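Engineer:
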Amino acid sequence: MTERSPEQIEGGWMHRHIPGVHFIAHGHRVFGWLLLGYFLMFPVLILLNLTAFIQGFQSMGLSAFLVTVDYHHHTLFLRGDVMEHWLASVFALGMPVFLWWLNRRRLERMSQGTYEHELSQWALAWREFKRNRVAATGLVVIILLYTMAFLCPYFAPFHPNAFSDGTVTKFRPPLSSVPILYQQPTETASERLASLRMQSDYPSLVRDLVLINQDLTDEGFMNTRAVEAYRVEGSNVLATVGDSLVAFPIADLVGSTPEEFEGSRFHLFGTDSYGRDILSRIIYGSRVSLSLGFIAVLLSVSLGTLIGLLAGYFGRFTDSVLMRFVDVLLAFPALFLILIIISAFETVAVPRVLLIVLVLGLTSWMGISRLVRGEVLSVKEREFVLAARTLGLGHTRILSRHILPNILTPIIVNATLRIGGIILVEAALSYLNIGVQQPTPSWGNIIFEGKDFLSHAWWISTLPGFAIVLVVVCFNLVGDGLRDAFDPMLNNERA
Amino acid sequence: MTRYIFKRVMSAIPLLFGLLTFTFFIIRLAPGDPVSLYVQGDVDPQLAENLRVQLGLNDPLPVQYVKWLKSMVTGEMGVSFSRHADVTDILADTIPNTLLLTVFALFFNFLIGIAIGITTALKRGTLADHTVNVISLFVYSMPEFWLGLMLILGVSLQLDLLPASGMHSPMARFLSTPAYIWDLVKHMILPVFVLGVASAAATGRYMRGSLLEVINQDYVRTARAKGLSEVLVIGKHALRNALIPIITLLGLSLPFLLGGAVIVETVFAWPGMGKLTVDAIFARDYPLIIACTLVSGVMVILGNLLADVLYAIVDPRIRYD
Amino acid sequence: MSPRILFVAVLCCGLLVSCGDKSGEKDPMSGAAVVALSGDADNFNPVVSSSATSGEIQGSIYPMMFDVYFDLQEGELKFDPGLVLRTERRNGGKDVVLHLRTDVRWQDGMLVTPEDIKFSYALYGDPEVASPRRNYVESMIFTDDKFDVDKSIEIIDDSTMVFHFAKQYPLQKFHLNLSPVPAHVYRNADRKTLRNNPANERPVGAGPFKLEEWVRQQQIELVRNPTCTLPRPSKLDRVIFRIISEPTTRLTELKKGTVDVMRPVYPDDVQDIQENNPDIRLETLPPRNYEYIGWMNIDIEAYHESGGKTIKPHPLFGDRRVRQALTYAINRKEIMEHELGPYGELAVTDFSPIFRWATKHDLIPYPYSPEKARQLLRSAGWSDTNGDGILDQGGKDFEFTLYYNIGNKRREYVATVVQKELKDVGIKVNLQSVEPVVLFDNINNKKYDAFIAGFQVKLAVDPSDRWGDVSNPFNTVGFQNERISELLKLGLHVPNIRDAGPFWKEVQSIIHQEQPCSFLYWVKEIVGVNRRLKSTNINILGVTDDMYEWEIGDPNSYMTY
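Residue numbers (this note's numbering), protein chains in the order written: chain A, 5 to 499; chain B, 19 to 339; chain C, 1183 to 1743.
1) Expressed to the nearest angstrom, what Euclidean distance is found between the alpha-carbon atoms of Asp532/A and Asn240/A?
2) Please state whether DSSP places Ile1609/C in a helix, a strand or coil.
3) Identify the continuous beta strand (DSSP E) that holds Arg1272/C and give its terminal residues.
4) By the 10 Å Cβ neighbour count, where 16 or more other Cβ atoms means buried, how is Thr1325/C classified, buried or exposed?
5) Just the C-alpha distance for Met1518/C and Gly246/A, rounded to the nearest angstrom, thanks.
6) Would Leu314/A and Tyr150/A be called neighbours here (beta carbons separated by less than 8 Å)?
7) Can we say the stretch 450-468 of chain A touches the stretch 156-164 of chain B, given the rule of at least three CB pairs closer than 8 Å?
8) Should the stretch 1386-1402 of chain C be regarded as contacting the stretch 1411-1430 of chain C, the criterion being three or more beta carbon pairs within less than 8 Å?
9) Closer than 8 Å, Cβ to any Cβ of chain C: which residues of the stretch 424-456 of chain A, in chain order?
10) Taking Ser1427/C as the query, report the chain B residues whose CB atoms sit under 7 Å from its CB, ordered along the chain.
11) Which residues in chain C sit within 9 Å of Asn68/B, going by Cβ to Cβ distance?
12) Since Tyr1251/C sits in a beta bridge, which residues does DSSP pair it with?
13) Taking Cβ positions only, does Asp1570/C come closer than 8 Å to chain A?
14) Looking only at DSSP bridge pairs, what is Ala1218/C linked to?
15) Do His89/A and Gly65/A count as a contact pair if the criterion is CB distance below 8 Å?
16) Report all residues from its chain with a CB closer than 6 Å to the CB of Thr1658/C; omit the five preceding and five following residues, and keep chain order.
17) Distance cutoff 8 Å, beta carbons only. Does Ile344/A sit that close to anything in chain B?
18) Where does the unbroken beta strand (DSSP E) through Val245/A begin, and where does it stop?
19) Val1279/C and Arg1272/C - do their beta-carbons sit closer together than 8 Å?
20) Between the Cα of Pro189/A and those of Gly289/A, Leu283/A, Leu333/A, Met226/A, spot the shortest distance and give me the residue it belongs to.
21) Inspect the beta-carbon positions of Asp1623/C and Ser174/B and report whether they are closer than 8 Å.
22) Should Arg487/A be flagged as near chain B, meaning a C-beta pair shorter than 8 Å?
23) Can you name the residues of chain A whose CB is closer than 9 Å to the CB of Ile1482/C?
24) If contact means a Cβ-Cβ distance below 8 Å, which residues of the stretch 148-168 of chain B contact chain A?
25) Using three-state DSSP, classify Pro80/B as helix, strand or coil.
26) For the pair the stretch 269-278 of chain A and the stretch 385-396 of chain A, tell me if three or more CB-CB distances fall below 8 Å.
27) Along the alpha helix (DSSP H) that carries Pro1684/C, what are the first and last residues, could you check?
28) Does the stretch 1252-1264 of chain C touch the stretch 1306-1326 of chain C, meaning 3 or more C-beta pairs lie closer than 8 Å?
29) Check Thr1726/C in the structure and name its three-state DSSP category.
30) If we cut at 8 Å on Cβ distances, does Ala255/A have a partner in chain B?
31) Between Val25/A and the rest of its own chain, which residues show a CB-CB distance below 6 Å, the 5 nearest in sequence each way excluded?
32) Since Ile44/B meets chain A, which of its residues come closer than 8 Å, beta carbon to beta carbon?
33) Can you pull the DSSP bridge partners for Lys1392/C?
34) Just to check my reading of the structure: Ala1388/C and Leu1412/C have Cβ atoms closer than 8 Å, yes? What is that Cβ distance to the nearest angstrom?
35) Mind checking if Gly135/B is an interface residue toward chain A, Cβ cutoff 8 Å exclusive?
36) What's the call for Lys1578/C, buried or exposed, on a 16-neighbour Cβ count within 10 Å?
Written out as structure tokens, the structure reads:
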């Protein structure tokens, strides 16, 4: 890159405040447009889901306040299904702000002239990685999928567990819509609340919170009836439900004309055997599958790295003890070990997802520790480590500052390649009946749920199957890309 | 070398013992009672109690453990709770079936994997590289049971090309030997594909990396500089050395031979070790679980040993004392 | 072997097969039927076998005391002559005289004698053997709490024997229908390890089929027993049972025509099969299995702490109004229609509709009514005082965990719907699926407050298991009612089965009122049969009942690959 004066780099207001614009202006078109698009996606999503976005913050704020002043009701405030919405709201606001800050910082540094010198190993690798189209595409897909996982309430058209009138709505093929009738609500949440005696110092706040939380977690199919077809006859609506004809008095419906009480639900990916929307389940399932893969790998990589570092660095006795231990664990047949452990602990009051994460994480670190140990053995004889030692630096410092950064590459590559594998194992566990507990969707258990219907409802299993394929392929491509990018020898060869 | 192998084998014995003891306890501490599966519907409600006495499950855990130790020392594997037959007999029936499947799967896995690896390494960065890479990755990324069921529905039901499940046709024993083998081969194609070919992508990428590394070594450059033909360079010099890590991988794949086919065996109704073990775990068939663990533990240890030994043979730089 | 050689070898095999066609010799498949089963047999000794597969197959191998069939018109099990030609009751019904056939031979040529029968009953009754059918001898003569075979069974001559019962009761014939095993095979067998006796793998029977080959986990092959006289050798040359545990694979084999009989076909697959597979006939079995949601009636903590002595009501479900409310709150009809369609029948009590004479038909099933449920819960003292949407009483939320067995999709659906519908009336349900071994163990030992389970009823009416003593493992919900205990005593001691009708009807009224559990539906299982198979009489006794009558329409019709 050539030298530029600060004014040039600063660009205009757009350059400073909208990530991506600067890149587009300076020739990095593809990257720039992607970044810009990604950045702009957030305001659009927030606008489209404004109520949920605001309610998420409201709920979070109210809960935070109430939990400090009124701990007795903590079950009311700390609900897993509500926290999902807090997460979504925070992410929807936080991610664009983070991007904006990053962009600002970069531009500032560029104008100070410090940025240009940052051609570290990482920056070089990143530049190399971006050149690899296939791997870069994989990374884009993964980022989008993780974003979707964080923001699933905004992406999913329906609640993943919502279903009604299963006999009518089950096995709808992709691109089908189900006619529904809107019924008069029987008893609204606020009516039910009106009769309550709130035992709190802040009854009105509690009531607000309860109402907001109910809104957020509402599955949404209340007061609707799905029908195959219907006709109006006198004061009744005659609807076909399954094999029978059911009469609904128009008085029970919302309004009095078909325009008012008729509606429809559109299922892009069809419905499953319950009548639940597959698209929504895949979107919500990504949350479980992707985070499960990520956390399990994080766990196994951290543990494996720690053990490998210790064994490789201290050597001798520590090494042989730790490596014997690794040998013992490696002698366990992995899948059987997982099965036995999950069987042994399944009745313990731990959510199955957590159990699976722990077991997968704790049974797959041995390979990493061997890898790390090998790397440490070769790095620790290098000059800079020896120099650090002669300087009398502590072991912790040497390990964390001098050795770890130099062996990070193979670890990162290995971790990336593993995530895909873990997602596949989750699917396999579902097939062996010890997957994620229904009704929480995960890609594995959606596929498993639909496998018995493959011959007449192929979409149930096939679409989440494609989702898995997509993610695993992408992770592998990124892993390959990272390996290539980090390997300077290969780069030279190509250049 | 012999001494090294002997030493390794001897050190494996306490390892196996630890493995079995761990399995013994954890499976007994797991909730669920092996006899509860019998007590349903039209049976004697007291059966569970009688059975528990018969199977020695009413003894305290330490007593059971001592009894088990005694029987292990004498080589008695016991009798399966759920299948009512000698565990040794069951294993003897099952292991060959699994091996038949997995040996071929492993063979094709490496054959195709190495081919993929060579192609993609030599054509690195080209369209061919990306195409082969992505296609093989696609097949690799499908959940096994899903791929298996899709193949059954597509190839077997719709196209009617191959049998859907099992090892033999029902009346295979009346067939002449070549027809019998042909029958077996037809039954093997789909499961071997899912098991072996699908995972060739992983081997292929391993091979690719290893070959790329070798190609840049000095001796390969020297060979090239000497004007040797590209085929000779790759075939004789590069490939040989690139295969070394693949051989390690092969050794580490050994445990897969007896335990890696759980899902494929279930989907294709193939009577093998994987399904046997999983069934045993779900039935809390303690003797059978222990036996299966023993078998796979031995395979893992043998695999590691074999990998090291093979490594030493192909790579003369490594010496064992 | 190098890949090239292998390839050539495989190719050669293929060529050889296609050239050397099966000419001349009779195709062994031409007189054979193939049945697909989900699980393997455990052994072929009717005294100790417990798998469904063994039960299914043994009936065609071993001699049967009676030729049993279920008369759907009368709703009663009928006993036609088998090994037993006729019976007489003596001594006020306490003694039953059996007149036996003397011309029935085991497949090894030995005669089936009264000694065989007595020997077999001794095995069934021996606690060391731990036979699952030991309760069949429970009402015979016991000395010092041990089954006394010599006092119970008396051999008069080669064709006559007398069974002595401690009392007269209607199920005697039912209990006399245990298959005998050949005494000359098992005489010296160790009883403690009878389950593992190698002879169990080579059964010596006298039925229309004999076992030809058993390849574990793969297939069980039966061939015609040409010497059979009870009733006669099978019409088919052979029947092959293939073990395929994956349902989709099993269905594929049926559709391909490589399997002739397959169960169960799921109701969701019916339409597909009817439209695309005209060569498959679907047969429906009468309802024998029901599913229910068990609500624990007693406080299980107190019960287990006291070693089964303290019986007090369960904090949540001990109140009858609560149990009724739960039934009202669940849309059982919709669940049934969704899961089973026309292959289900709403269950009112645990008395199967097949027992026409015993079933009380005028009980009105609880309709789906969340209003009624809320009202009943309110009257039982449950209301939402803290506004979290969950009912509470005395500071405790109405919350519980519902257990069901893993991998059972129908129950998974039920659980999901129950969770959703109970949430509407303010009850929080957590779902937990567990492995069958764990589930059954905990249900039988009363460890769960709420669970979904199924029950297969005996073909004779006998409610004493489910509603008898709390300690009985099949009384899974710990329900006890004085009047029912009285009625059980009355109903089980009438001389003729039908005399118990009024008692059973009263039991049903009480159960309906008390709702010890929420009964869901009866399942009518569907069996898929290839049309090339004729004269199948697939009935409530099982797919393979009367298998010796099966015939093949077109001998060349078996699909080969």
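Just so you know, even glycine gets a beta-carbon here, dropped at the ideal spot from N, CA and C.
Just so it is clear, the structure is predicted and the values come from calculations on it, not from any experiment.
Structural biologist: Let me spell this out:
1) Residue 532/A falls outside the range modelled here, since chain A spans only 5 to 499, and no answer is possible.
2) Against the third sequence, residue 1609/C aligns to sequence position 427. Reduced to three states, the DSSP call for Ile1609/C is coil.
3) Start at 1 with the first residue of the third sequence, and residue 1272/C comes out as number 90. First-last of the beta strand (DSSP E) with Arg1272/C: 1266-1272.
4) The residue you call residue 1325/C lines up with position 143 of the third sequence. Looking at its Cβ environment, which holds fewer than 16 other Cβ atoms inside 10 Å, Thr1325/C is exposed.
5) Taking the first residue of the third sequence as position 1, residue 1518/C is located at position 336. Taking the first residue of the first sequence as position 1, residue 246/A is located at position 242. Straight-line Cα distance between these residues: approximately 12 Å.
6) As a working mapping, residue 314/A is identified with position 310 in the first sequence. As a working mapping, residue 150/A is identified with position 146 in the first sequence. Cβ atoms of Leu314/A and Tyr150/A: not closer than 8 Å.
7) yes
8) yes
9) For the stretch 424-456 of chain A, which is checked against every Cβ of chain C, the residues closer than 8 Å are Asn437, Ile438, Gln441, Gln442, Pro443, Glu453, Lys455, Asp456.
10) Here residue 1427/C is taken as the residue at index 245 of the third sequence, counted from 1. In chain order: Thr284, Ala287.
11) As a first step, residue 68/B must be located in the second sequence, where it is residue number 50. In chain order: Pro1309, Glu1310, Val1311, Ala1312, Ser1313, Arg1316.
12) Position 69 of the third sequence, counted from the first residue, corresponds to residue 1251/C. Answer by DSSP bridge pairing, in chain order: Lys1260/C.
13) Within the third sequence, residue 1570/C is the residue found at index 388, counting from 1. True, the Cβ-Cβ gap to chain A drops below 8 Å.
14) Taking the third sequence and counting its residues from 1, the one referred to as residue 1218/C is at position 36. Arg1424/C, Met1444/C.
15) Here residue 65/A corresponds to residue number 61 of the first sequence, with the count starting at 1. Here residue 89/A corresponds to residue number 85 of the first sequence, with the count starting at 1. No, the Cβ-Cβ distance between Gly65/A and His89/A is not below 8 Å.
16) As a position in the third sequence, residue 1658/C is number 476, starting the count at 1. Around Thr1658/C: Gly1476, Ile1625.
17) In the first sequence, residue 344/A corresponds to position 340, counting from 1. At least one chain B Cβ lies under 8 Å of Ile344/A.
18) Here the question's residue 245/A lines up with position 241 in the first sequence. Unbroken beta strand (DSSP E) run through Val245/A: 240-245.
19) Taking the first residue of the third sequence as 1, we reach residue 1272/C at position 90. Taking the first residue of the third sequence as 1, we reach residue 1279/C at position 97. Contact: yes.
20) Along the first sequence, one-based indexing puts residue 189/A at 185. Among Gly289/A, Leu283/A, Leu333/A, Met226/A, the Cα nearest to that of Pro189/A is on Met226/A.
21) As a first step, residue 1623/C must be located in the third sequence, where it is residue number 441. As a first step, residue 174/B must be located in the second sequence, where it is residue number 156. Contact flag unset, no.
22) On the first sequence, position 483 is the one that residue 487/A refers to. It does: the Cβ of Arg487/A has a partner Cβ on chain B nearer than 8 Å.
23) The residue given as residue 1482/C occupies position 300 in the third sequence. What Ile1482/C touches in chain A: nothing, since even the nearest Cβ is about 15 Å away.
24) Answer set for the stretch 148-168 of chain B: His148, Asn151, Val152, Leu155, Phe156, Tyr158, Ser159, Met160, Pro161, Glu162, Phe163, Trp164, Leu167, Met168.
25) In the second sequence, residue 80/B corresponds to position 62, counting from 1. Three-state result, Pro80/B: helix.
26) no
27) As a first step, residue 1684/C is located in the third sequence; it is residue number 502 there, counting from the start. Start and end: 1683-1696.
28) no
29) Taking the third sequence and counting its residues from 1, one reaches residue 1726/C at position 544. In this structure, Thr1726/C counts as coil in the three-state DSSP scheme.
30) Mapped onto the first sequence, residue 255/A falls at position 251. Chain B contact via Cβ: absent.
31) Reading the first sequence from its first residue, position 21 is the one you call residue 25/A. Correct list, in chain order: Met18, His19.
32) In the second sequence, the residue the question calls residue 44/B occupies position 26. Neighbours of Ile44/B on chain A, chain order: Ile344, Ile345, Ala348.
33) Taking the first residue of the third sequence as 1, we reach residue 1392/C at position 210. For Lys1392/C, DSSP records a beta bridge to Val1405/C.
34) The residue you call residue 1388/C lines up with position 206 of the third sequence. The residue you call residue 1412/C lines up with position 230 of the third sequence. Rounded to whole angstroms, the Cβ separation of Ala1388/C and Leu1412/C is 6 Å, and the two are in contact under 8 Å.
35) Taking the second sequence and counting its residues from 1, the one referred to as residue 135/B is at position 117. Output row for Gly135/B: interface = no.
36) One-based indexing of the third sequence puts residue 1578/C at position 396. Lys1578/C comes out exposed.
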